[in-house]
Amino acid sequence: MKKWGFLFVLVLSVFLISACGGDSETGGDGISEDGTLTIGETGLYTSTAGDFEVTINSVKFETGEDGEKALRGTYVVANATVTSRASKAVNIEDVLPFKIFVDNVVNWNNVTAGTEFSFGTQISGEIKDGESITGEIIFDARESETYKIMLGSKAETTKLEWDLTSDDFQ
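Heads up: the sequence shown begins at 35 in the working numbering, then just goes up one per residue.
And the structure:
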């Protein structure tokens, strides 16, 4: 009888431990399909144009040179890699609606795709199935201790979020 009790407790423990995993789902390839990510983690973003693997590689603050001053105080520059799983070629700026939240409030002053700065160029261009593009996602934001970069919207079932603190910035 003790043997069955021990077996029951062991099975129950395994079930509970597996049920208490993180707040994101990962496929067999280690790519998160939902949830909150950290710098260096890859998420799968699904849109009407297709699926895209997205990784935020690093983030930094930039002030810009003369004539490039941020309206809200600073530029938040995220270096990202996007790999297309879409069946047709798409313009990256048309299908990846990145937003930044400052202190949990959406910041609507994002920089236009393709805009060039002394510190980088806003990511843009065409991407085909299996191709990757690495570039900058640039936000004009006020300074804060916490940021959230979101791909998609809070209302969508498929969205990716990267929570950032000052420790994440280079």
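For every residue, glycine included, the Cβ atom is placed at its ideal position computed from N, Cα and C.
Can you tell me which of the three DSSP states Asp197 falls into?
-> When DSSP states are grouped into helix, strand and coil, Asp197 belongs to the strand group.
Under 9 Å between C-beta atoms of Thr117 and Glu165 = Against a cut-off of 9 Å, the Cβ pair of Glu165 and Thr117 comes out as a contact.
Assuming Thr168 contacts Ala114 (C-beta within less than 8 Å), just tell me the rounded distance between them.
-> Indeed, because the Cβ distance is near 7 Å, the residues count as touching under 8 Å.
Kindly list the residues whose CB is nearer than 7 Å to the CB of Gly62, restricted to its own chain and excluding five residues on each side of it in sequence; keep chain order.
-> Annotation note: pLDDT 47 at Gly62 (below 50); position unreliable, no value reported.
For Thr60, name the three-state secondary structure that DSSP assigns.
-> Note that Thr60 scores 47 on pLDDT, short of 50, meaning its location in the model is unreliable and no value can be drawn from it.
Could you work out which residue in Val93, Glu102 and Gly77 is closest to Ser152 when comparing CA atoms only?
-> From the listed residues Val93, Glu102 and Gly77, the smallest Cα separation to Ser152 is found for Glu102.
How is the beta strand (DSSP E) around Glu127 delimited, first residue to last?
-> Here Glu127 belongs to no beta strand (DSSP E); instead the alpha helix (DSSP H) covers Ile126 to Val129.
Outcome for Ala123 when other beta-carbon atoms lying within 10 angstroms are tallied against a minimum of 16 | Ala123 is exposed by the Cβ-count criterion.
Under the three-state DSSP convention, the category Asp202 falls into = Correct three-state label for Asp202: helix.
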